[in-house]
Structure formats: structure tokens, C-alpha cells
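My numbering puts the sequence shown at residues 29 to 271.
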Amino acid sequence: MGQWPYLCHCCAGTNQGAQERMNRTKGAGTRDLRIREATPDDAAFLAWLILTAGRAHVKRGIWEVILNEPEDDCLHFLRLLAVTSAPHLFHYSCYLLAETEAGPVSGLGGYDPSAHGYRALQKMLPEVYRRLGTSVTDEMAAGGPPRITECIPPSIEGVWVVDSVATLPAFRRKGIVDRLLDDILDIGRHKGFSQAQISIYIGNTPAQRAYEKHGFRLLDEWRDSYFERELGSPGMARMVRDL
């Protein structure tokens, strides 16, 4: 499937850290909440975050389709992807996290697509597969994108991209993502970007409304019948705002 060959089951781990954190934070408040940059030690939480963001309001997410593996294997892959030797859009260095004394509870990514976009990601995939103990296939070497990604909206030239937004269930609807969005947009602004972009699944009305409150507006939609068949959403919508 494009550059995503079969994952080795014997290399799979569990996301025990993220599950334990969800158990510890049930019913917790946000008085001790702080925002910080992610570190390599956050790889397990970032794996959960990226997988969860890829599911959005549907039960099966884009990563399950790309990797075609059980959840634990997908999480193991994403943990390794978050700590590669060079940055890309799913690398820990592109993420802000909100945490309490119990640990991270929410997060999102922000990146320059010209430096840390899908080309940078493609370069790091062989490293991940080496660590998995899986050889790179001819299909992966050819560099073709997975079919499911064909309706992911492209990045506007010179834009700051916000991506992979997710929060533990016990901490949703508490304004945490609002704080994270403000901070990640400030980072883009301070880096000299004049516009920000975020993409959502078509039909994810709560997410669209939340981003509209932060000044984003719907730019266009990218629909695809294969995407709808696999995920249950007709495609993706691109939202933009000035910084």
C-alpha cells in the first residue's frame, strides 16, 4: 500500500502508559494544567494522540487503514515515528502538550509543511521500519502515497499547518484545546507565517465549529469514494485563517 508495507506483529507493544494515564485522570480538574513542548519521553502519549486524531468522529481512523494492523501495532509504529532522528509532521518536536500532575492529557501539532511535511516524513519511514525489524519493500521504495491519503488537502504555499488534535475523554470540553490552539498559532505567527491551515473530516461538525471560533473558515472540500467507503466520511475539508 504505497510506502506502507506490512508491520511485523512480533515487534508490537502496548499503549499501557496512555491507558494508565486515562485511568488516573478520570474526573480530574484542570487547575494545575500547563502547556509545554513535547519531548521524546512523550512518545507513547503522542502515538495515542495521533491515532485518536486520525479517527476523529469515525470509529476507524486513517492510520488503521494505512497500516492495516491491530491498534497495538499501529501505536507501536507511531511511537517509533514520533522519535525519528530528523523531524517531520508527526515528530515530537512539532507538538505542544497540555498536562496535569498525572501527565499529558491533550495535545496538537504545528509545522511548516515545506520543512517538516510529507517529504520529510517519507525520508524517515525507512528508519522506522528498520527499528521494527521489517525490510523496506520495492513498493515503499517507489514512494507512492497510500490510496487513502489522496483526498488529504494539500498545504497552501507559505502556510502554518495545525494537525493531530486530541484530548483524553475526561478532559474534553474544558477549554484545553482553546489554550493549545492559541499557543500553536502564536508559534506560527512568531515564525513569520501569515496564514494557518487545518484539515478536518467532512461531517465533523463539532470540530468545524470549534475551529471557526478561533477564526478559521471553510476553504474547500476534498471528497473521495474510497475514503468514504473505508472511513465513513466523504472526505476532508480544508480550513484557513489569517495570523
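No residue lacks a Cβ here, since even glycine has one placed at the ideal position from N, Cα and C.
Which term fits residue i, buried or exposed, when burial requires 16 or more other beta carbons within 10 angstroms of its beta carbon?
i           : result
residue 270 : exposed
residue 246 : exposed
residue 97  : buried
residue 195 : buried
residue 138 : buried
residue 142 : exposed
residue 267 : buried
residue 216 : buried
residue 128 : buried
residue 101 : buried
residue 33  : Any reading at residue 33 needs caution, since the residue's pLDDT is 31, under 50, leaving its predicted position unreliable; the model's value is listed next. The residue in question, residue 33, is buried, as its Cβ has 16 or more Cβ neighbours within 10 Å.
Using a Cβ-Cβ cutoff of less than 7 Å, which residues in the same chain neighbour residue i once the five nearest sequence positions on both sides are dropped?
i           : result
residue 193 : 81, 136, 205
residue 89  : 79, 82, 83
residue 112 : 119, 152, 155, 156
residue 77  : 135, 192, 194
residue 71  : 107, 110, 111, 120
Is residue i near the ligand GTP - that is, is its Cβ less than 7 Å away from at least one heavy atom of it?
i           : result
residue 240 : Looking at this structure, you won't find the ligand GTP or any other ligand, since it has none at all.
Check residue i in the structure and name its three-state DSSP category.
i           : result
residue 204 : helix
residue 247 : strand
residue 61  : coil
residue 196 : coil
residue 126 : strand
residue 44  : Reliability fails at residue 44, whose pLDDT of 46 lies under 50, so the model's placement of it is uncertain and the value that follows must be treated cautiously. Three-state result, residue 44: helix.
residue 90  : helix
residue 113 : coil
residue 187 : coil
residue 132 : strand
residue 140 : coil
residue 228 : strand
residue 53  : The predicted position of residue 53 is uncertain, since its pLDDT is 43 and thus under 50; no value can be drawn from it.
residue 70  : helix
residue 172 : coil
residue 216 : helix
For residue i, which residues in the same chain have their Cβ closer than 6 Å to its Cβ, ignoring the five residues on either side in sequence?
i           : result
residue 231 : 261
residue 159 : 108
residue 115 : 121, 144
residue 179 : 250, 252, 255, 263, 264
residue 214 : none
Are the Cβ atoms of residue i and residue j separated by less than 8 Å?
i           : j           : result
residue 225 : residue 187 : yes
residue 120 : residue 110 : yes
residue 124 : residue 212 : yes
residue 133 : residue 199 : yes
residue 66  : residue 103 : no
residue 61  : residue 126 : yes
residue 209 : residue 242 : yes
residue 181 : residue 227 : yes
Sorted by chain position, which residues of the same chain lie with C-beta nearer than 8 Å to residue i's C-beta, five sequence neighbours on each side aside?
i           : result
residue 259 : 86, 88, 89, 90, 93, 176, 229
residue 219 : 140, 188
residue 234 : 85
residue 248 : 181, 265, 266
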